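K.L.:
Per UniProt numbering, residue 1 is the first one in the sequence shown, and the count goes up by one each step.
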Amino acid sequence: MIPYWHAPSFKLGPLELNPFNVFVAAGILLGARLLTKQAERERLDPNPLADYAMWGVAAGMLFGHWVHLFFYHPEELSKSPFQIFKFWDGLSSFGGLLGGIIAAVVFFRIRKLRFNDYADSFALGVAPAWAVARLGCFAVHDHPGRLTDFFLAVQFPNGNRHDLGFYDAIVLFSITGLLYALRDSPKMKGRLLPLLALLYAVSRFFLDFLRATDLSYVDARYFGLTPAQYGCLMLVAYGLWGLLRKQAPSTSAQKPPPSQGRVETAR
1 MIPYWHAPSF
11 KLGPLELNPF
21 NVFVAAGILL
31 GARLLTKQAE
41 RERLDPNPLA
51 DYAMWGVAAG
61 MLFGHWVHLF
71 FYHPEELSKS
81 PFQIFKFWDG
91 LSSFGGLLGG
101 IIAAVVFFRI
111 RKLRFNDYAD
121 SFALGVAPAW
131 AVARLGCFAV
141 HDHPGRLTDF
151 FLAVQFPNGN
161 RHDLGFYDAI
171 VLFSITGLLY
181 ALRDSPKMKG
191 RLLPLLALLY
201 AVSRFFLDFL
211 RATDLSYVDA
221 RYFGLTPAQY
231 GCLMLVAYGL
241 WGLLRKQAPS
251 TSAQKPPPSQ
261 GRVETAR
């Protein structure tokens, strides 16, 4: 079994530094870096992605908190009428994903850019970033599972349990490896994001059946399923549609190669 260890938090003035915040911040920085690097590798203009990052993070945190509050733990609404604005107090990864999608739809429409041109870059940035952020969940053990004697279980104070944050990180790191192995495959061009959605959704759907139901603070269920499992069904639909549909040719989002003899100026 994996020993249970809860890393301490540190106060830096009004801010609290804890492992969850550190891993989430590291995941965001890693994702933003990989997004732009992959766009450059595909000869796409990376500037829209750099501009989108702030939109995505803000919308992700806001919707992540709202999904946590309204769907996972609506009982927390009784704490204070201002609870809906305390975006740091409880986050749902699926809510964060929803916020990021909404922000992308609005942002790319405003910029008059085609999202599909950047879809592979998003897949190759989001998967490892999400995996790193999930290590934060594992560090604070905020997704306890059912009691078990499985060798990857964590020795929680109240018994050996599955740790869903740890399992999620393993799944996402594995998917990341597969996506990077396939990124140069002509057949997978423009299909990496649907592949990510499909693989993660199937894994997460079944993993959520391992979540604890015998503790005082557990995820809400609707007809026996968690909110994330309903989100997984939508991701499966998107994944299958994206993998089976006919790909349209890329548009003018590509950067033209520099002319011979011309000096490019930095900006």
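Beta carbons: idealized from backbone N, C-alpha and C, even for Gly. Since this is a predicted model, take the numbers as computed values, not measurements.
1) Could you give the residue range of the alpha helix (DSSP H) that holds L30?
2) Quick one: grab the DSSP three-state call for N158.
3) Does the contact criterion of 3 or more C-beta pairs under 8 angstroms hold for the stretch 69 to 89 versus the stretch 218 to 232?
4) For A53, which residues from the same chain have a beta carbon less than 6 angstroms from its beta carbon, with the 5 sequence-adjacent residues on both sides left out?
5) Residues in its own chain within less than 6 angstroms of G27 by CB, not counting five upstream and five downstream?
6) Tell me the DSSP secondary structure of G145 in three-state form.
7) Answer with buried or exposed for L17, where buried requires no fewer than 16 other C-beta atoms within 10 angstroms of its C-beta.
8) Run the CB neighbour count on M234, radius 10 Å, all protein chains shown included, and call it buried at 16 or more, exposed below.
9) Are A59 and G90 closer than 8 angstroms when you measure CB to CB?
10) When you compare each of E42, V154, Q83 to P3 by their alpha carbons, which one comes out closest?
11) Where does the unbroken alpha helix (DSSP H) through L12 begin, and where does it stop?
12) Could you tell me which whole alpha helix (DSSP H) segments of length 4 or greater appear in the stretch 44 to 82?
13) Spatial neighbours of Q83 within its chain, please: CB distance less than 8 angstroms, with the 5 preceding and 5 following residues excluded, ordered by chain position.
14) Along the chain, where does the alpha helix (DSSP H) containing G224 start, and where does it finish?
15) Check L113 in the structure and name its three-state DSSP category.
16) List the DSSP bridge partners of I2.
17) Between the stretch 195 to 209 and the stretch 35 to 47, do three or more beta carbon pairs fall short of 8 angstroms?
18) Leaving aside the five residues before and after R204 along the sequence, list all residues of the same chain whose C-beta is less than 8 angstroms from its C-beta, in chain order.
19) Which class does L235 belong to by DSSP, given the choice of helix, strand or coil?
20) Quick one, which of S174, H141, G177, F173 has its alpha-carbon nearest N160's?
21) Looking only at C-alpha atoms, which of D208, G239, R191 sits nearest to Q247?
22) Can you list, in chain order, the residues of its chain with a C-beta nearer than 6 angstroms to that of L121? Leave out the 5 residues immediately preceding and following it.
23) Indicate the three-state DSSP secondary structure (helix, strand or coil) for D208 in the structure shown.
24) Looking only at its own chain, which residues have a Cβ that is under 7 angstroms from the Cβ of P157, when we skip the five neighbours before and after it?
25) Report the residue from W55, F150, V57, L62 whose alpha carbon sits nearest the alpha carbon of F87.
P.N.:
Quick look at the numbers:
1) Start and end: 19 to 41.
2) DSSP places N158 in coil when its eight states are reduced to three.
3) Contact between the stretch 69 to 89 and the stretch 218 to 232 is present, because at least three Cβ pairs lie under 8 angstroms.
4) Hits under 6 angstroms: A32.
5) Excluding sequence neighbours, G27 sits near A129, V132, A133.
6) The answer is strand: DSSP assigns G145 an E or B state.
7) L17 sits exposed, since fewer than 16 C-beta atoms from the chains shown fall within 10 Å of its C-beta.
8) Flag for M234 reads exposed.
9) Contact flag unset, no.
10) Closest option to P3, Cα to Cα, is V154.
11) It is not in any alpha helix (DSSP H) - L12 instead sits in the beta strand (DSSP E) that spans 10 to 12.
12) With a minimum length of 4 residues, the continuous alpha helix (DSSP H) runs that stay inside the stretch 44 to 82 are 47 to 67.
13) Excluding sequence neighbours, Q83 sits near L69, E76, L77, D89.
14) Judged by DSSP secondary structure, G224 falls outside any alpha helix (DSSP H); it is assigned neither H nor E.
15) Three-state result, L113: coil.
16) In the DSSP output, where bridge partners are listed per residue, I2 has V154.
17) Contact between the stretch 195 to 209 and the stretch 35 to 47 is absent: fewer than three C-beta pairs spanning the two stretches fall below 8 angstroms.
18) Non-local beta-carbon contacts of R204 in its own chain, meaning distances under 8 angstroms to residues more than five positions away in sequence, involve D168, V171, A228, Q229, C232 in chain order.
19) The answer is helix: DSSP assigns L235 an H, G or I state.
20) The candidate whose alpha carbon is nearest that of N160 is H141.
21) Measuring C-alpha to C-alpha distances from Q247 to each of D208, G239, R191 identifies R191 as the nearest.
22) The amino acid occupying residue 121 in the given sequence is Ser; Leu does not appear at that position. If we look at S121 and ignore the five residues flanking it on each side, its Cβ neighbours are L35, Q38, A39.
23) Note: D208 maps to helix in three-state DSSP.
24) Correct list, in chain order: Y4.
25) The shortest C-alpha separation from F87 is found at L62.
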